[in-house]
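Student: Residue numbers (the working numbering), protein chains in the order written: chain R, 1 to 201; chain P, 202 to 672. Just so you know, even glycine gets a beta-carbon here, dropped at the ideal spot from N, CA and C. I'd like to ask some things about the structure below.
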Amino acid sequence: MEPFTVHTSRLAPLDRHDVDTDQIIPKQFLKRIERTGFGEFLFWDWREEDDYHLHHPRFRDAEVLVTGRNFGCGSSREHAPWSLQDHGYRAIVAVSFADIFRNNCTKIGLLPVELPESEVRALIDFAHEDHMAQVHIDLPEQVVHMPDGRRVGFDIDPGVKQRLVNGWDDVSLTLNDEALIERYENEREIAGAGTAWLHDR
Amino acid sequence: MGKTMFRKLWDAHEVRPAEDGQPALLFIDLHLVQEVTSTQAFDGLRLAGRTVRRPDRTVATVDHNVPTIGRENGISDELSAKQVEALERNAEEFGIPLFSIRSRRQGIVHVIGPELGLTQPGMTIVCGDSHTSTHGAFGALAFGIGTSEVEHVLATQTLPQTLPRTLRVSIEGERPVGVTAKDLILGTIGQLGVGGGVGYAIEFAGSAIRDLSMEGRMTVCNMTIEGGGRAGMIAPDDTTFDYIEGRPGAPDDFEAAVERWRSLPSDDDAEFDREETVDATALAPQVTWGTNPGMVAPITDRVPDPEDYDDPGDRESVRRALDYMGLQGGEAIEDIAIDTVFLGSCTNARIEDLRAAASIVAGRSVAPSVRAMVVPGSMQVKARAEEEGLDEVFRRAGFEWRDAGCSMCLAMNDDVLQPGERCASTSNRNFEGRQGKGGRTHLVSPPMAAAAAIAGHLVDVRSFDADLVGA
Ligand code: SF4
Numbered sequence: 001m002e003p004f005t006v007h008t009s010r011l012a013p014l015d016r017h018d019v020d021t022d023q024i025i026p027k028q029f030l031k032r033i034e035r036t037g038f039g040e041f042l043f044w045d046w047r048e049e050d051d052y053h054l055h056h057p058r059f060r061d062a063e064v065l066v067t068g069r070n071f072g073c074g075s076s077r078e079h080a081p082w083s084l085q086d087h088g089y090r091a092i093v094a095v096s097f098a099d100i101f102r103n104n105c106t107k108i109g110l111l112p113v114e115l116p117e118s119e120v121r122a123l124i125d126f127a128h129e130d131h132m133a134q135v136h137i138d139l140p141e142q143v144v145h146m147p148d149g150r151r152v153g154f155d156i157d158p159g160v161k162q163r164l165v166n167g168w169d170d171v172s173l174t175l176n177d178e179a180l181i182e183r184y185e186n187e188r189e190i191a192g193a194g195t196a197w198l199h200d201r
Numbered sequence: 202m203g204k205t206m207f208r209k210l211w212d213a214h215e216v217r218p219a220e221d222g223q224p225a226l227l228f229i230d231l232h233l234v235q236e237v238t239s240t241q242a243f244d245g246l247r248l249a250g251r252t253v254r255r256p257d258r259t260v261a262t263v264d265h266n267v268p269t270i271g272r273e274n275g276i277s278d279e280l281s282a283k284q285v286e287a288l289e290r291n292a293e294e295f296g297i298p299l300f301s302i303r304s305r306r307q308g309i310v311h312v313i314g315p316e317l318g319l320t321q322p323g324m325t326i327v328c329g330d331s332h333t334s335t336h337g338a339f340g341a342l343a344f345g346i347g348t349s350e351v352e353h354v355l356a357t358q359t360l361p362q363t364l365p366r367t368l369r370v371s372i373e374g375e376r377p378v379g380v381t382a383k384d385l386i387l388g389t390i391g392q393l394g395v396g397g398g399v400g401y402a403i404e405f406a407g408s409a410i411r412d413l414s415m416e417g418r419m420t421v422c423n424m425t426i427e428g429g430g431r432a433g434m435i436a437p438d439d440t441t442f443d444y445i446e447g448r449p450g451a452p453d454d455f456e457a458a459v460e461r462w463r464s465l466p467s468d469d470d471a472e473f474d475r476e477e478t479v480d481a482t483a484l485a486p487q488v489t490w491g492t493n494p495g496m497v498a499p500i501t502d503r504v505p506d507p508e509d510y511d512d513p514g515d516r517e518s519v520r521r522a523l524d525y526m527g528l529q530g531g532e533a534i535e536d537i538a539i540d541t542v543f544l545g546s547c548t549n550a551r552i553e554d555l556r557a558a559a560s561i562v563a564g565r566s567v568a569p570s571v572r573a574m575v576v577p578g579s580m581q582v583k584a585r586a587e588e589e590g591l592d593e594v595f596r597r598a599g600f601e602w603r604d605a606g607c608s609m610c611l612a613m614n615d616d617v618l619q620p621g622e623r624c625a626s627t628s629n630r631n632f633e634g635r636q637g638k639g640g641r642t643h644l645v646s647p648p649m650a651a652a653a654a655i656a657g658h659l660v661d662v663r664s665f666d667a668d669l670v671g672a
C-alpha cells in the first residue's frame with residue numbers, strides 16, 4: 001500500500017455522529033467484484049438531501065474528512081474505506097471510530113486520526129468559515145497542525161503507525177514468521193474435526 | 202491474579218506475542234467465508250501467487266445475495282449471480298468446502314457454523330462479517346474482519362491483533378414473561394449506547410445470561426457489534442456442551458473436549474478493565490424507534506421528543522432519526538402501524554425463534570394491510586421447522602415461507618422495503634436504508650414481530666393470549 005508520512009490538505013466537514021457503513025456505501029454496490037471504482041458511490045443515499053454538501057465544489061478536492069463520534073459503525077465491509085480512499089480521502093479525523101472500520105482503514109493506507117471533540121469541532125468550523133483552510137498531518141510526529149497554527153498531538157498504535165509509514169503489506173510481514181506459524185501448528189494447535197470432512201457430505 | 206476467559210483464549214492462540222510495538226499474531230481455528238467480502242481477497246491471493254494455508258480450517262457458504270424464493274431457477278440478478286459464481290470457483294480452486302445455493306446445508310454463515318458443530322468453545326473464529334461475534338456464545342473468541350484481513354487469514358491462518366480492553370456486562374435477575382434474549386441485548390445497548398463497547402472484548406455474564414438457551418445466547422452475542430464491542434462472549438457450561446454433543450462437527454472424544462472446555466470460564470478473581478450491570482427484571486419487550494440500535498424503548502413507552510435531550514448533538518441526531526422514520530416524537534409506540542414483518546436474520550432465525558413466533562401466530566391471521574415473511578436462518582432450520590409443522594402455522598396465517606439467506610436483513614437480494622414502508626424486523630440493524638432505500642425499520646424480538654403482524658401495528662406481545670415460550 002501507499003505509505004503515509006505527512007499530508008497537507010483542505011478539509012471536508014461531515015458534522016454527524018454514528019455515521020454507519022450502510023451510509024458510507026449502501027449494499028447495492030457491494031455486489032461488484034472489483035476492488036476499485038467505489039468512490040462514485042460514496043454516501044450515495046445522501047446525495048439528494050438538501051444539507052448534503054461534501055460534493056460541493058468547495059469541498060470536493062479536500063483530502064481530509066472531519067467527522068464526529070463512532071464513525072464507520074456497522075458492518076465489516078472494507079468497501080467503506082475503499083470508497084473513501086477512491087473518492088480521494090487520505091485521512092479521516094474523527095472524535096472516535098468503530099473498531100473494525102478503523103482497522104480496515106489502516107490495512108489500505110487510509111489514516112484514521114482521533115482528536116478530542118473540541119478540536120474536531122474547531123476543524124469543522126474552520127472548514128465552514130474558510131474552505132481553503134488547511135491541516136497538515138504529520139504521522140511520524142503524531143501531530144496535526146491546525147489551520148490556526150496550533151499543534152495538536154494524537155495517539156496511534158505503534159505497530160499500525162510503522163506499517164502505515166512504511167506502506168508495509170501485512171501478509172508479507174507475517175510470512176516472515178512462517179516458521180513460528182508452523183511451530184504453533186505442530187505443537188499447540190487444538191486438534192478438532194476441522195472442515196475437511198465437509199467435502200464428503 | 203486469575204485470568205479472564207478472553208485472556209485465556211488470547212494466550213492460547215498467540216503464535217507470536219506482542220513485542221517491539223508490533224501487535225501479537227493470533228492463530229485462527231476457524232475461518233468462515235461468504236460471497237460478499239471474499240472475492241477481492243481471493244483475487245489478492247492469486248495475484249501474489251499464494252495458496253490458502255489451511256483449507257481444512259475454512260468453510261464457505263452463500264447467504265447475503267441469494268434469492269429466498271424460486272432458487273431452483275438460479276439467481277436472476279446478474280451481479281449477484283456473478284458474485285456467487287466467483288465464490289464457487291474460488292472454493293473449487295483453493296479446495297475449500299462450500300455450501301452453495303442448492304445445498305441442503307446452505308444458510309446464513311453465523312447460523313450454520315454452530316448448527317454443524319463447527320463452532321466450539323475455546324476457538325478463535327473470524328469471518329468477513331461483523332456479526333461473527335455470534336459465535337462467542339460458545340465461549341469462543343470470534344470477531345468480524347475486513348477483506349484485507351480475510352486475505353491475510355487465507356494466506357497465513359493468523360491475524361495480527363492489538364489487545365482490546367475487557368468489559369464484563371452482568372445481566373442479572375429473572376427475565377419477565379415476554380422478555381426474550383433480543384430484549385436483553387436491545388435493553389443493554391439502550392443503556393450503554395451504540396459506541397459503549399468500542400475497544401472492548403465483552404463478556405456477558407449474570408443469571409439472566411446463564412438462564413438462556415444457546416440460541417438466546419447467540420442472539421445476545423450477535424448484537425455485541427451494535428454496541429460497538431469488538432467481540433462478545435459467554436462462558437461455556439452444560440447448556441453449551443449439550444448443544445454441541447451429537448452435532449456432525451463435534452469432537453470425537455467428546456468427554457476430553459468437555460474437560461478442556463471446563464477450564465475456559467474466567468477465574469473468580471479475574472479482573473476486567475470495566476464492569477457494567479443490567480437489571481433484567483426491569484426490562485419490558487423492546488422496540489427501536491430510530492436509526493441506530495441504541496434508539497430503543499420499551500413497547501409501553503412513547504417515542505421521545507427531540508426537546509427531551511440536553512446535548513445539542515443528541516437533539517439533532519434524534520430530530521434527524523425521527524424525520525427519517527416518519528415520526529413526530531411523543532406518539533405511543535403501540536400506535537405505530539406497520540406494513541411489513543420480517544422474521545429472519547442471523548440474530549433471530551433459528552428454530553427456537555421460529556417456534557416462539559409460531560406460538561403467537563397459531564390460529565390467527567396476519568392483518569390485511571401487512572406483508573409478512575419468514576426467512577429461516579438455514580436450510581436445516583427450514584427442514585426442521587417443516588418437520589414440526591411450523592411452516593403450516595405461518596402459511597395458514599398468511600406469512601410467506603422462504604428459503605434461507607440474509608434476505609431483508611440487508612436487502613441485497615430482491616427482498617427490499619419500498620421508500621416509506623415500515624417494517625417490524627427481527628434483524629439487528631435499523632440504519633437508514635438498511636432494508637431498502639427509504640425503508641423504516643423497527644427492531645423487535647420474534648414474538649413481538651409475530652404479534653405486530655397480527656395486530657397490524659406495534660403491540661405489546663404480553664397482551665396476547667398465547668403461550669409465551671422463551672426465545
Ligand atoms: S443476516 Fe444480516 S446481519 Fe446476519 S450475516 Fe446476513 S446480512 Fe449480516
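Identify whether P:G671 lies in helix, strand or coil by the three-state DSSP scheme.
Tutor: Confidence at P:G671 is low in this model, with a pLDDT of 47, below 50, so the placement of that residue is unreliable and no value is reported for it.
Student: Just to confirm my understanding: we take R:W168, look at its own chain, exclude 5 residues before and 5 after, and list those with CB closer than 6 Å. What are they?
Tutor: none
Student: CA-CA distance, P:I500 and P:V645?
Tutor: 10 Å
Student: By a C-beta neighbour count over all protein chains shown, 10 Å radius and 16 as the cutoff for buried, is P:S518 buried or exposed?
Tutor: buried
Student: Is the shortest distance between the beta-carbon of P:D730 and the beta-carbons of chain R less than 8 Å?
Tutor: Since the displayed chain P opens at 202 and closes at 672, residue 730 of chain P lies outside it and no answer follows.
Student: In the DSSP output, which residue or residues are listed as bridge partners for P:H336?
Tutor: Looking at the DSSP assignment, P:H336 forms no beta bridge with any residue, so it has no partner.
Student: Could you check which residue in P:T367, P:N291, P:H658 has the C-alpha nearest to that of P:A625?
Tutor: P:H658
Student: Helix, strand or coil, according to DSSP, for P:Y510 in the structure here?
Tutor: coil
Student: Is there a Cβ of chain R sitting closer than 8 Å to that of P:K583, yes or no?
Tutor: no
Student: Is P:I309 near ligand 1 - that is, is its Cβ less than 7 Å away from at least one heavy atom of it?
Tutor: Yes, ligand 1 has a heavy atom inside 7 Å of this Cβ.
Student: Helix, strand or coil for R:I137 per DSSP?
Tutor: Annotated three-state conformation of R:I137 is strand, per DSSP.
Student: Anything in chain P within Cβ reach of R:N103, meaning under 8 Å, just list it in chain order.
Tutor: I346, G347, E350
Student: Could you name the residues of chain R that P:E375 contacts, counting a contact when the two beta carbons are closer than 8 Å?
Tutor: Simply none; closest approach about 32 Å.
Student: For R:F38, name the three-state secondary structure that DSSP assigns.
Tutor: Residue state, collapsed to three classes: coil.
Student: Under 9 Å Cβ-Cβ, which residues of chain R neighbour P:T548?
Tutor: Those within 9 Å of P:T548 in chain R number zero; the least Cβ separation is about 14 Å.
Student: Could you give the DSSP three-state label for P:A225: helix, strand or coil?
Tutor: strand
Student: What are the start and end residues of the alpha helix (DSSP H) that includes R:D22?
Tutor: Element bounds for R:D22: 21-24.
Student: Could you tell me how far apart the beta carbons of R:T21 and R:G74 are, in whole angstroms, since I believe they sit closer than 8 Å?
Tutor: 4 Å
Student: Kindly indicate which three-state DSSP category P:C607 falls into: helix, strand or coil?
Tutor: coil
Student: So is P:A402 in contact with chain R if we call contact Cβ pairs under 8 Å?
Tutor: no
Student: So which residues on chain P does R:Q162 lean against when the C-beta distance must stay under 8 Å?
Tutor: G222, Q223
Student: Is there a Cβ of chain R sitting closer than 8 Å to that of P:F207, yes or no?
Tutor: no
Student: Considering only residues of the same chain and omitting the five flanking positions on each side of P:C547, which have a CB-CB separation below 7 Å?
Tutor: I309, H311, V312, H332, T335, N423, G578
Student: Mind checking which residues open and close the alpha helix (DSSP H) that includes P:R411?
Tutor: 408-411
Student: Compile a chain-ordered list of the residues in the region 631-644 of chain P whose CB is closer than 7 Å to at least one CB of chain R.
Tutor: F632, E633, G634, R635, K638
Student: Is P:H676 near ligand 1, judged by its Cβ being under 7 Å from some heavy atom?
Tutor: Any property of residue 676 of chain P remains undetermined from this structure, which presents chain P solely from 202 to 672.
Student: Output needed for P:A563: all residues of its chain with C-beta closer than 7 Å, excluding positions within five of it in sequence on either side, in chain order.
Tutor: V594
Student: Any heavy atom of ligand 1 closer than 7 Å to the Cβ of P:C547?
Tutor: yes
Student: Would you please state the rounded distance, in angstroms, between the beta carbons of P:M419 and P:T441? I believe it to be under 8 Å.
Tutor: Wrong, their Cβ atoms sit about 11 Å apart, outside the cutoff.
Student: Given 7 Å as the limit, tell me if P:L644 has its C-beta closer than that to any heavy atom belonging to ligand 1.
Tutor: Not so, every heavy atom of ligand 1 lies at least 7 Å from the Cβ.
Student: For a contact defined as C-beta to C-beta under 9 Å, what are the partners of R:R90 on chain P?
Tutor: Those within 9 Å of R:R90 in chain P number zero; the least Cβ separation is about 17 Å.
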